[in-house]
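Protein chains in written order, with our numbering: chain S, 6 to 440; chain D, 6 to 440. In what follows, a single structure is set out as structure tokens and then discussed.
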């Protein structure tokens with residue numbers, strides 16, 4: 006505990022990669038602003054790195070490869086964790102709390118999997134855990150749930166929360182690239198990693214949705230609670246049909262409170278062209294929230310990168326440093342509702358876009374419409390494009406069905422039956438429509 | 006000062022109109038959530054109204070027409086001001102501070118004209134003034150400047166910040182209505198007041214821009230510092246040309262930090278169709294901010310109304326009530342830079358849309374292009390529509406000029422000269438293009 010109001014607040018940091026270097030630079034370059042706001046200086050006193058000998062563009066910072074040198078330093082009151090990954094980051098955060106340090110972290114995986122437990126443990130020690138940087142880079146999304154939106158009952162979240170997949174989707178949609186080419190472009194531009202599974206399979210988005218849903222619905226949401234589909238199955242023709250029908254096709258993270266339970270899902274979705282979410286392009290991200298008092302609001306900005314992420318980390322450091330100076334820190338609340346009821350994805354009701362690759366025979370539309378109709382799935386429109394060349398050879402017709410609201414289970418049953426039709430060699434895509 | 010952590014926090018309110026009633030309902034209906042968050046109950050202990058006898062849909066609240074009964078009540082720690090208008094709201098806020106009360110206000114006029122002085126005076130007494138509800142309804146826009154964006158040097162603000170004018174503009178643009186019809190529709194829908202000048206002349210937007218710019222640029226910005234044009238001069242044809250050229254035409258509030266000084270202006274502007282700002286329709290509002298670390302971010306939502314505004318007021322009450330319980334409140338900072346340098350609007354450089362109503366004679370385009378060229382204003386495109394019927398009778402040609410970047414002073418000089426041309430009976434519109 007720091008007693009004097011003139012003594013500096015000490016910060017230790019775990020990790021000095023892209024984000025860590027950004028934070029170190031911001032703490033140095035903005036020292037005057039930060040000191041003025043906090044009421045006393047904030048000093049970076051030690052950084053855990055893998056190789057302290059390596060040349061870096063951050064000078065005058067004490068580097069160590071010994072975690073204890075940061076975690077047990079009595080001159081450190083706030084530990085900033087920007088290593089990423091579940092372990093050893095999680096273990097280090099726990100040890101820092103045991104050693105009486107407040108935590109600032111940008112780690113979505115740790116916060117999604119262990120956040121509520123970490124926050125509770127810290128609170129028992131009178132410590133706080135700040136994690137604005139874990140979702141949406143520098144866009145203030147965690148803070149609003151902790152304060153600005155508190156008077157609201159939140160009914161839904163819809164977020165384009167992974168910049169890498171949004172970049173790939175934007176390139177597929179605007180330049181007509183196929184998935185593989187768009188992915189390679191994202192890798193070349195440094196937006197996608199060599200192993201891109203975390204992004205393209207929606208795992209990263211599910212982490213972030215878990216964190217947001219835990220805050221929004223005051224319930225303990227785990228990443229495993231989230232139904233998940235990636236973007237690898239999208240084809241250029243889906244984007245063409247989407248445009249024709251008046252939609253964009255982002256990877257959407259959805260959280261909805263329904264009477265039957267919480268809906269939590271990450272998958273590509275059609276959203277109307279004129280909506281704010283349809284205009285989130287490239288590496289930009291957006292979080293849309295609906296509450297009873299506030300109606301619909303949306304936060305938009307770059308969701309990753311050294312600048313935006315260090316903007317959020319430094320803001321959290323300032324907030325904690327201020328509160329350390331002003332008596333005991335009142336920690337954040339843990340979720341009140343330990344047992345949530347999840348709504349199975351099979352119970353979800355929405356509209357659907359279904360693209361079939363079919364032999365161009367009379368009667369196919371009638372057969373498929375019949376199968377759908379037997380399960381009370383009615384159609385709002387049907388598009389047929391003839392003579393489409395197929396990768397697997399031959400030329401076929403593509404038929405697109407847009408349904409009215411239907412139950413997922415019924416749609417999946419119908420799909421099983423359609424899959425067995427001889428005249429339908431391939432089901433192109435099934436994409437949910439979120440209005 | 007409240008000493009016990011179990012004693013309730015007392016709130017007094019000035020005004021019980023649409024917003025005040027919303028706040029009273031929210032404090033009652035959300036009492037459990039609020040109490041849990043604050044750590045003790047928050048009670049509405051008295052409300053100043055004009056007529057305590059009038060029937061209202063808020064029960065169990067003590068009403069008075071005597072301001073002292075609220076301002077001097079020792080059981081009140083927080084005064085919520087939701088009367089609106091400069092006086093007596095301003096005087097009551099001052100008296101409440103003298104009486105040792107923290108302030109929560111939704112009053113943009115008072116905060117724009119007197120905010121920094123009120124905040125400083127309150128700070129000297131260890132009191133805080135919260136005003137999230139004064140700009141952007143429930144959208145968190147004040148809070149982010151106080152904390153989340155603190156590590157950033159803000160270079161610009163662009164905001165669609167008045168829902169009434171945005172509704173009128175949306176109706177003109179999407180339904181082709183003229184200004185008078187769209188205004189009447191907004192009045193019938195309850196979005197515009199009987200005397201709509203505050204909205205349509207951009208006065209309300211200038212108040213809000215002053216508040217945001219004061220925070221963003223750490224400078225004392227007064228509403229009189231803001232250059233202002235309203236929306237009364239826009240005609241249906243401007244929206245048609247805008248669409249053809251790929252733009253939307255909101256009333257934009259702009260704050261920019263340039264080497265020569267601060268640019269502060271409110272006027273209709275062309276913004277590119279694909280941008281987030283171009284998709285803010287109806288009574289929705291949005292604030293876009295650019296900072297050195299965070300890049301471009303945007304906040305979007307309903308900027309007014311009982312629900313959104315009471316969402317912000319209640320969040321401010323919760324924040325203050327929490328801090329009252331945790332030792333002395335550390336008040337907000339006043340702007341550090343008392344003397345700002347303003348950039349005159351005549352020095353602004355931007356692109357321009359100029360619509361002329363002209364006799365359809367050969368040579369008009371050449372003459373106008375010559376006048377512009379003499380002042381180094383070059384053209385990016387020219388559109389000519391022939392045979393346009395005029396309100397004032399006769400049929401003329403309409404000619405639209407889009408310029409490259411040019412200085413406002415040069416454009417205004419050219420306009421003076423064009424106005425004197427016999428072949429140009431009327432200058433339709435001059436609209437700045439913000440890319």
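C-beta atoms are modelled at their ideal positions from N, C-alpha and C, and glycine is treated no differently. Keep in mind the model is a prediction, meaning the values are calculated, not measured.
Could you tell me the alpha carbon to alpha carbon distance between residue i and residue j, rounded to whole angstroms?
i                      : j                      : result
residue 106 of chain S : residue 59 of chain S  : 28 Å
residue 377 of chain S : residue 438 of chain S : 17 Å
residue 386 of chain S : residue 148 of chain S : 42 Å
residue 318 of chain S : residue 379 of chain S : 54 Å
residue 62 of chain S  : residue 155 of chain D : 23 Å
residue 122 of chain S : residue 328 of chain S : 22 Å
residue 440 of chain S : residue 278 of chain S : 10 Å
residue 7 of chain S   : residue 109 of chain S : Because the pLDDT at residue 7 of chain S is just 45, under 50, the model does not fix this residue reliably, and the point stays unresolved.
residue 176 of chain S : residue 358 of chain S : 21 Å
residue 127 of chain D : residue 145 of chain S : 27 Å
residue 418 of chain D : residue 170 of chain D : 29 Å
residue 356 of chain D : residue 276 of chain D : 11 Å
residue 80 of chain S  : residue 15 of chain S  : 6 Å
residue 316 of chain D : residue 196 of chain S : 37 Å
residue 76 of chain S  : residue 55 of chain S  : 15 Å
residue 313 of chain S : residue 262 of chain D : 20 Å
residue 426 of chain D : residue 368 of chain D : 12 Å
residue 11 of chain S  : residue 280 of chain D : 46 Å
residue 198 of chain S : residue 188 of chain S : 10 Å
residue 391 of chain S : residue 413 of chain S : 28 Å
residue 96 of chain D  : residue 119 of chain D : 11 Å
residue 308 of chain S : residue 41 of chain S  : 28 Å
residue 348 of chain D : residue 288 of chain S : 34 Å
If we count the other Cβ atoms within 10 Å of its Cβ and call it buried at 16 or more, is residue i buried or exposed?
i                      : result
residue 112 of chain D : buried
residue 433 of chain S : buried
residue 410 of chain S : exposed
residue 179 of chain D : exposed
residue 201 of chain S : buried
residue 228 of chain S : buried
residue 265 of chain S : exposed
residue 403 of chain D : buried
residue 193 of chain D : exposed
residue 324 of chain D : buried
Would you call the CB atoms of residue i and residue j closer than 8 Å?
i                      : j                      : result
residue 294 of chain S : residue 269 of chain S : no
residue 306 of chain S : residue 300 of chain D : yes
residue 162 of chain D : residue 101 of chain D : no
residue 173 of chain D : residue 259 of chain D : no
residue 255 of chain D : residue 436 of chain D : no
residue 164 of chain S : residue 292 of chain S : yes
residue 29 of chain D  : residue 19 of chain D  : no
residue 381 of chain S : residue 415 of chain S : yes
residue 39 of chain D  : residue 32 of chain D  : yes
residue 207 of chain D : residue 271 of chain D : yes
residue 64 of chain D  : residue 90 of chain D  : no
residue 373 of chain D : residue 423 of chain D : yes
residue 224 of chain S : residue 267 of chain S : yes
Give me the Cβ distance between residue i and residue j, rounded to the nearest whole Å; I'm assuming they're in contact under 8 Å.
i                      : j                      : result
residue 51 of chain S  : residue 67 of chain S  : 5 Å
residue 210 of chain D : residue 167 of chain D : 5 Å
residue 322 of chain D : residue 98 of chain D  : 15 Å between Cβ atoms; not a contact.
residue 405 of chain D : residue 363 of chain D : Residue 405 of chain D to residue 363 of chain D, Cβ: 11 Å. No contact.
Residues within the region 123–149 of chain S neighbouring chain D, beta-carbon criterion of under 8 Å: Correct list: 137, 142, 143, 144, 145, 148, 149.
Please identify, using Cβ separations under 7 Å, the residues of the region 92–113 of chain S that lie next to chain D, in order along the chain. Residues: none.
Which of the residues in the region 252–273 of chain D, read from start to end, lie with their CB under 8 Å from any CB of chain S? Answer in chain order: no residues at all.
Closer than 8 Å between beta carbons: that is the criterion. Which residues of the region 312–327 of chain S meet it against chain D? Correct list: 312, 313, 315, 316, 317, 319, 320, 323, 324, 327.
Contact list for the region 35–52 of chain S against chain D, Cβ threshold 9 Å: Listed by position along the chain: 35, 38, 39, 41, 42, 44.
At a CB distance below 8 Å, what residues from the region 221–249 of chain D approach chain S? Give them in sequence order. Within the region 221–249 of chain D, no residue has a Cβ lying closer than 8 Å to any Cβ of chain S.
Quick one, which residues of the region 148–171 of chain S are near chain D if we go by CB-CB under 8 Å, in chain order? If the cut-off is 8 Å between Cβ atoms, the region 148–171 of chain S has 148, 149, 152, 153, 154, 155, 156, 157 near chain D.
Residues from the region 292–306 of chain S in contact with chain D, defined by Cβ distance under 8 Å: Residues passing the 8 Å Cβ filter: 296, 297, 298, 299, 300, 301, 302, 303, 304, 305, 306.
At a CB distance below 8 Å, what residues from the region 170–191 of chain D approach chain S? Give them in sequence order. From the region 170–191 of chain D, no residue has a Cβ closer than 8 Å to chain S.
Residues of the region 13–31 of chain S whose Cβ lies closer than 9 Å to any Cβ of chain D, in chain order: Cβ contacts with chain D come from 27, 31.
Counting only Cβ-Cβ distances shorter than 7 Å, please list the residues of the region 276–288 of chain S near chain D, keeping chain order. So the close ones are 279, 281, 284.
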